[in-house]
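There are 2 protein chains.
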Amino acid sequence: MSSFLYYIQQYVSISEEVKKEILDLVLIENVLKGDILLEEGKICKRIYFIEKGTVRTYFYQKGKDITYWIYPDNSIVTSWHSYLRCKPATESIQAIEDTLIYSLTYDQWQELYTKYNVLERFGRLIMEEVVALLDDFYKGYYFMSSKEKYELLISVFPDITQRANLGHIASMIGISQETLSRIRGN
Amino acid sequence: MSSFLYYIQQYVSISEEVKKEILDLVLIENVLKGDILLEEGKICKRIYFIEKGTVRTYFYQKGKDITYWIYPDNSIVTSWHSYLRCKPATESIQAIEDTLIYSLTYDQWQELYTKYNVLERFGRLIMEEVVALLDDFYKGYYFMSSKEKYELLISVFPDITQRANLGHIASMIGISQETLSRIRGN
DNA sequence: CCTATACTTTGATCTAAATCAAAAAATCAT
DNA sequence: ATGATTTTTTGATTTAGATCAAAGTATAGG
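Note that the protein sequences, when read in sequence, are chains A and B. One rule links them: number in the working numbering = place in the first sequence (from 1) + 513. One rule links them: number in the working numbering = place in the second sequence (from 1) + 513.
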């Protein structure tokens, strides 16, 4: 079975009927390292599930490429503010290795929510998960030193160093590559 | 009608039966300026709706009182990570003026979600709202100057200066009081 | 295996904003 | 009002981390 269905079943149990309907709707894409899933300025119409691979979200600020976050396999990724509010995204989504992606559109999810209460519940639980994560991560972030920020990142994302390069990691926590290199070298 | 029911109806329309059930369950409290709704270290079991007044969330870091966020009337507040994951809160919640609060517990919400699909939907929509807000606000925050952070705060929260003092506002955006005072004085 | 490109480290300098300190202004209580 | 407390402003100094610059190191493609 696809990890996508398994992922959903971590939150709610779904019948064969629901599974079948989801598999009928889902778009399966094989994207290559460097490929763009969403371009900054466009409206993000899908939630992507990473079946296998890694993607990052990033944007340009003052001419610099800033990585917003890195997503490993078995996680979902989208531009939340763009997807939820149907506004142009302020970030791009890019595969940083060859990646197998499952996705459904906003409209498909709305229909599924209405048709199956169990998926409405899934929708709520997923959003709760995202809220808890964001809330946890940003709490007290402002007043941490670069080293403390790095240690926090490692604690919530231990294998990040295998997933992304120094520049990506540094910008995720808002510090320069050079500073991160010095932290790592003690 | 209470603004709380009105607030819910901004997201979903609810029957008289549902309204009645909510009003039967809801806890109404009148708290005074300075009163603590939730103490750091305790588990937050409620979502609070501010019928009238203002509250702030805050915590201590390196001996300093850091305001995490300010909530005006007609908004909901809780410690999301504590409420959702049943873990000790890392922040306190305090009224900063005399405030009228409506609240329901986590367990009450779980029952309401199961009993009424329309409230399950409300739960999802509320979580989506929080995600969109957090996502919007923190995007690119790291690489902004103090002045840019302050301008962003004012743009999403124009009447913040009427609601909170300089120290609260400065710590909300992670800068020192002195720096904020200098920004304000141009 | 060698060259090109990408990534990381190291060193020197600079700067935005923190910290420290105290004065001025506003608010509150008697 | 008048003194006490809280909040805000202003000035001088310090510092963490950015920026600039260059040298290593690794990785990939032909």
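The C-beta atom is built at its ideal place from N, Cα and C for all residues, glycine as well.
Within chain A, E641, V644, A645, L647, D648 and D649 have C-beta atoms less than 9 Å from the C-beta of B:W593, given in sequence order. Taking a cut-off of 8 Å on C-beta distances, the region 644-662 of chain B touches the region 631-651 of chain A, as three or more cross pairs fall below it.
Per DSSP, A:F670 lies in no beta strand (DSSP E) segment and is marked neither H nor E. Straight-line measurement puts the Cα of A:F517 at about 23 Å from the Cα of A:P671. Just measuring C-alpha positions, the residue of B:L666, B:W622 and B:F656 sitting nearest A:G576 is B:F656. Comparing C-alpha distances from B:F572 to each of B:I563, B:S605, B:C599 and B:L597 shows the shortest one belongs to B:S605. Around A:P585, the same chain offers I563, T567, D672 and R676 as residues with beta carbons nearer than 8 Å, after the five sequence neighbours per side are excluded. Interface flag for A:Y571 against chain B is unset, since no Cβ pair is found closer than 8 Å.
Cβ atoms of B:A602 and B:L540 stay farther apart than 8 Å, at about 18 Å.
Within the model, the alpha-carbon separation for A:L666 versus A:E534 is close to 37 Å.
In this structure, the alpha-carbon of B:I583 lies about 43 Å from that of A:S515. Non-local C-beta neighbours of B:N543 in its own chain, meaning closer than 7 Å and more than five positions away in sequence, comprise L613, ordered along the chain. DSSP places B:I606 within a strand segment (E or B) once states are collapsed to three. Beta-carbon to beta-carbon, A:T580 and A:M685 are separated by about 5 Å, close enough to satisfy the 8 Å threshold.
For B:S616, the secondary structure class from DSSP, reduced to helix, strand or coil, is strand.
By the rule that beta-carbons nearer than 8 Å mark a contact, A:E633 touches chain B. Counted as a single uninterrupted DSSP element, the beta strand (DSSP E) harbouring B:Y573 occupies residues V568 to Q574. B:E661 has its alpha-carbon roughly 9 Å from the corresponding atom of B:Y654.
Against chain A, the CB of B:Q574 has a partner CB under 8 Å away; the residue lies at that interface. For the 8 Å CB-CB criterion, A:Q607 and A:R569 form a contact. From the beta-carbon of B:G636, the residues of chain A found nearer than 7 Å are R637. Using a CB distance cut-off of 8 Å, B:N678 does not count as an interface residue toward chain A.
Assignment of B:D648 by DSSP, reduced to helix, strand and coil, places it in the helix class. Residue range R559 to K565 is occupied by the beta strand (DSSP E) that includes B:F562. For B:V531, the enclosing alpha helix (DSSP H) has its first and last residue at E529 to L538. In the DSSP assignment, B:D578 forms a beta bridge with B:Y573. When the alpha-carbon of B:Y615 is set against those of B:I556, B:H681, B:A683 and B:S588, the nearest one is in B:S588. Under the Cβ criterion of 8 Å, B:E552 is not counted among the residues facing chain A.
Non-local C-beta neighbours of B:G554 in its own chain, meaning closer than 6 Å and more than five positions away in sequence, comprise P601, ordered along the chain. Exposed is the label assigned to A:I549, since fewer than 16 other Cβ atoms lie within 10 Å of its Cβ. B:R637 counts as buried, since at least 16 other C-beta atoms from the protein chains shown sit within 10 angstroms of its C-beta.
Annotated three-state conformation of A:V525 is coil, per DSSP. Here the C-alpha atom of A:C557 lies approximately 26 Å from the C-alpha atom of A:V525. By alpha-carbon distance to A:Q690, the top candidate from A:N699, A:K652 and A:L679 is A:L679. Following the DSSP letters along the chain, one finds B:L693 inside the alpha helix (DSSP H) bounded by residues Q690 to R697.
Note: A:I686 is not bridge-paired with any residue in the DSSP secondary-structure output.
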